[in-house]
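S.K.: Numbering-wise (the numbering used here), the sequence shown opens with residue 175 and increments by one. Pasting in a structure now, in structure tokens, and then I'll have a few things to ask.
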Amino acid sequence: MTIYSKSDLATRVLRDLGLVGAEETPSAADIQWAEETISSEVASMAVRGIRVWNGNDTSVPVEYLTPLSRRIGLAVGPAFGLFTLAEAAVGIMGIEKELRQMSAKKPTGAVAKTEYF
Numbered sequence: 175m176t177i178y179s180k181s182d183l184a185t186r187v188l189r190d191l192g193l194v195g196a197e198e199t200p201s202a203a204d205i206q207w208a209e210e211t212i213s214s215e216v217a218s219m220a221v222r223g224i225r226v227w228n229g230n231d232t233s234v235p236v237e238y239l240t241p242l243s244r245r246i247g248l249a250v251g252p253a254f255g256l257f258t259l260a261e262a263a264v265g266i267m268g269i270e271k272e273l274r275q276m277s278a279k280k281p282t283g284a285v286a287k288t289e290y291f
């Protein structure tokens, strides 16, 4: 399983938004700012019941890289004038639906056990 670091995700967000070219290395300040946004957004989603992968914002499984980059990009974009906060809010609702589906417990097929009183 491929795992990406928070720095990898931050770079991906900046590239997906077109703020950094595909072959460019983001500045240390841009990476730090993007990483802070990642931590804040992951914590915000967790408070609202969206568990992102294992709740750890330092290692990102490959299946979460693109959708999470899109979600964080929606939080970052308005600061750079790429789109409005209203446009970001609409996009966030859609991508969070996808992230909720990804983080939902998968059915096991096992019979649920219970105690009767």
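Ideal Cβ positions, reconstructed from N, Cα and C, are used throughout, including at glycine.
1) Considering Cα atoms alone, identify which of K271, L256, S277 and I246 is closest to K180.
2) Verify whether the separation of the beta carbon atoms of I266 and L248 is less than 8 Å.
3) Quick check on I177: does DSSP put it in helix, strand or coil?
4) Using a Cβ-Cβ cutoff of less than 7 Å, which residues in the same chain neighbour L259 once the five nearest sequence positions on both sides are dropped?
5) Which of the three DSSP states is assigned to S213 in this structure?
6) Which residues in the same chain have their Cβ closer than 7 Å to the Cβ of T176, if we skip the five residues on either side of it in sequence?
7) Which ranges does the beta strand (DSSP E) cover as unbroken runs of at least 3 residues, wholly within the region 209-289, from first to last along the chain?
8) To the nearest whole angstrom, what separates the beta carbons of V250 and L191, a pair I think is in contact under 8 Å?
9) Given that a residue counts as buried once 16 or more other Cβ atoms are within 10 Å of its Cβ, and exposed if not, what is S243?
10) Considering only residues of the same chain and omitting the five flanking positions on each side of E209, which have a CB-CB separation below 7 Å?
11) Can you give the Cα-Cα distance for M219 and T199, rounded to whole angstroms?
M.R.: On the basis of the coordinates in this document:
1) If we check each option's Cα against that of K180, I246 comes out closest.
2) The answer is yes: Cβ separation under 8 Å.
3) Correct three-state label for I177: strand.
4) Annotation for L259: P252 place their beta carbon closer than 7 Å to its own, counting only its chain and skipping 5 residues before and after.
5) Three-state DSSP puts S213 in a helix.
6) Cβ neighbours of T176 beyond the five flanking positions: V236.
7) As far as the region 209-289 is concerned, its whole beta strand (DSSP E) runs of at least 3 residues are 233-235.
8) Yes, they are in contact, since the Cβ atoms of V250 and L191 sit about 6 Å apart, within 8 Å.
9) Counting the other Cβ atoms within 10 Å of the Cβ of S243 gives 16 or more, which makes it buried.
10) Taken in chain order, the residues that qualify are K180, S181 and A184.
11) Approximately 28 Å, taken between the alpha carbons.
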